[in-house]
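>
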Amino acid sequence: MGQKPAGVRERLDAEEWSRFWERGTLTTFEGHFSENYDAEIRDFWWSQFERLGPDAAVVDLATGNGAVALLAARFARENDRVFSITGVDSAAIDPARIRAAWPALAPDIDAIALRGGVPLEATGLADGSVDLVTSQYGFEYGDTAAGSREIARILRPGGRVAMIVHHADSAILSQAREGLRQVSMCVAEERFLRLGRRMTKLFRGLKPGPQRGGLNWTPGAVKVREELMAAAARLERHARRPEVLQEDAGFLEFVVPAVLRLLEQARGSSPANLERAWGEIEGEAEAYRLRMSDLVSAARDEAGMAQVQAEMEAAGLAPPAAAPLRYRGETLLGWTLVTHRP
Ligand SMILES: C[S@@+](CC[C@H](N)C(=O)[O-])C[C@H]1O[C@@H](n2cnc3c(N)ncnc32)[C@H](O)[C@@H]1O
31 MGQKPAGVRE
41 RLDAEEWSRF
51 WERGTLTTFE
61 GHFSENYDAE
71 IRDFWWSQFE
81 RLGPDAAVVD
91 LATGNGAVAL
101 LAARFAREND
111 RVFSITGVDS
121 AAIDPARIRA
131 AWPALAPDID
141 AIALRGGVPL
151 EATGLADGSV
161 DLVTSQYGFE
171 YGDTAAGSRE
181 IARILRPGGR
191 VAMIVHHADS
201 AILSQAREGL
211 RQVSMCVAEE
221 RFLRLGRRMT
231 KLFRGLKPGP
241 QRGGLNWTPG
251 AVKVREELMA
261 AAARLERHAR
271 RPEVLQEDAG
281 FLEFVVPAVL
291 RLLEQARGSS
301 PANLERAWGE
311 IEGEAEAYRL
321 RMSDLVSAAR
331 DEAGMAQVQA
341 EMEAAGLAPP
351 AAAPLRYRGE
361 TLLGWTLVTH
371 RP
């Protein structure tokens, strides 16, 4: 990562993650999977659950709304096993809300214990009580050295660890980097949000007159409007580039129309409503920037994985095996990492 100006945050805190999970998405990729993780991701988890005894204890770290814990519950239900499944996360997690969003999953939701406000570095679980520790796009968000010691503590001898970790070169990460580029273009390079805010103010102050739209356009307002429209055109051109469309990072697709719509409504809106609408757009832009920065900071390249592997060994786990995970046969989606407590 390059040097960041002081005061610019890169990580989401537990409260921000809590707000994310309140939206009811099952996996961290809102809208990308029809329900839960599928294809090779599901197959990876299935292959881990198959190795477990009939009444194994499974703990999913940084579980979010419980995607991997729910896969374990489904596996157990379909294969006559009675796993005891716990998901922990430092964010607030509300099973009732997940049940309301996913009624068809109620039997599996009822079969797992989700505990919010629980960090993966200090789960509160008993020593040697767990047969399988899982985590998908979760462990790497925490303190991996302390997390490794916690895993070694809660696993029984012979107990296993299976993870999917963000890969620095995955499709998800290239989307995240494109998303950050779009935020930076919009906020810093083009000053699009600032120009839009200024334009709404100027626009509201224009007197009726014979010019465009029945308004008396001052030279200052004409200049800001031209700058704003030129910036919008450049941003839209960027968003339509084939390589950007392929990345599917739709920040500009959200923000450019939102700003232009607000401008259209500016004269008819009360100052309080306008202020609220600007607050929402700016808040969404900052939340998106933070989510993408968080992702980029959490992802691991080969050296980053080697560090996690070394931390696990130092904590007393067997040397972990890491391998790239491809989705639908081609798209790189992460690292798998497996190990056990000797
Ligand atoms: C990208 S989400 C993944 C959630 C889930 N495993 C999934 O695949 O949908 C990362 C999660 O890690 C959690 N998290 C971050 N740091 C953590 C920590 N130190 N202890 C426990 N959970 C943490 C966040 O609250 C968030 O829910």
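Going by the working numbering, the sequence shown opens with residue 31, and the numbers climb by one from there. The C-beta atom is built at its ideal place from N, Cα and C for all residues, glycine as well. Predicted, not measured: the structure shown is a model, and the values here were computed from it.
#1: Between V191 and H370, what straight-line distance do the alpha-carbon atoms span, to the nearest angstrom?
#2: Taking 5 Å as the limit, tell me which residues put their C-beta closer than that to any heavy atom of ligand 1, in chain order.
#3: In whole angstroms, what is the alpha-carbon distance linking K34 and A44?
#4: Quick check on the burial criterion: 16 or more other C-beta atoms within 10 angstroms. Buried or exposed for L292?
#5: Inspect the beta-carbon positions of V326 and R211 and report whether they are closer than 8 Å.
#6: Under the three-state reduction of DSSP, which class applies to Q241: helix, strand or coil?
#7: Per DSSP, what are the beta-bridge partners of M193 in this structure?
#8: Excluding the five sequence neighbours on either side, which residues of its own chain have a C-beta within less than 7 Å of the C-beta of Y171, listed in chain order?
#9: Whole angstroms are fine: how far does the CA of V217 sit from the CA of L101?
#10: With which residues is G117 paired in a DSSP beta bridge?
#11: Throw me the rounded Cβ distance for the L265 and L282 pair, which I believe falls under 8 Å.
#12: Using C-beta distances below 7 Å, list every residue in its chain close to Q276, excluding the 5 sequence neighbours before and after it, in chain order.
#13: Take A234 and list the residues in its own chain whose beta-carbon comes closer than 7 Å to its own, dropping the five residues that flank it on each side.
#14: Once you ignore the five residues that flank L20 on each side, which residues in its own chain have a CB closer than 8 Å to its CB?
#15: Spatial neighbours of G54 within its chain, please: C-beta separation below 8 Å, excluding the five flanking residues on both sides.
#16: Based on Cα-Cα distance, which residue from F222, G147, S165, D173 lies nearest to D124?
#17: Just how far apart, CA to CA, sit V289 and E220?
#18: For M342, which residues of its own chain have a beta-carbon under 7 Å away from its beta-carbon, when the five flanking residues on both sides are left out?
Taking the coordinates as given:
#1: 6 Å
#2: W47, T57, T58, A92, G94, A97, D119, S120, A121, P149, L150, Q166, Y167, G168, Y171, G172
#3: At K34 the pLDDT is 47, less than 50, meaning the model places this residue with poor confidence and gives no usable figure here.
#4: buried
#5: no
#6: coil
#7: S165, L367
#8: A92, A328
#9: 40 Å
#10: D90, L144
#11: 5 Å
#12: none
#13: One detail in the question is off: residue 234 reads as Arg in this sequence, not Ala. Excluding positions up to five away in sequence, the list reads A296, R297.
#14: In the structure as shown, the chain starts at 31 and stops at 372, and residue 20 therefore has no counterpart that could be examined.
#15: N95, R127, I128, A130, A131, W132
#16: G147
#17: 13 Å
#18: S178, P350, T369
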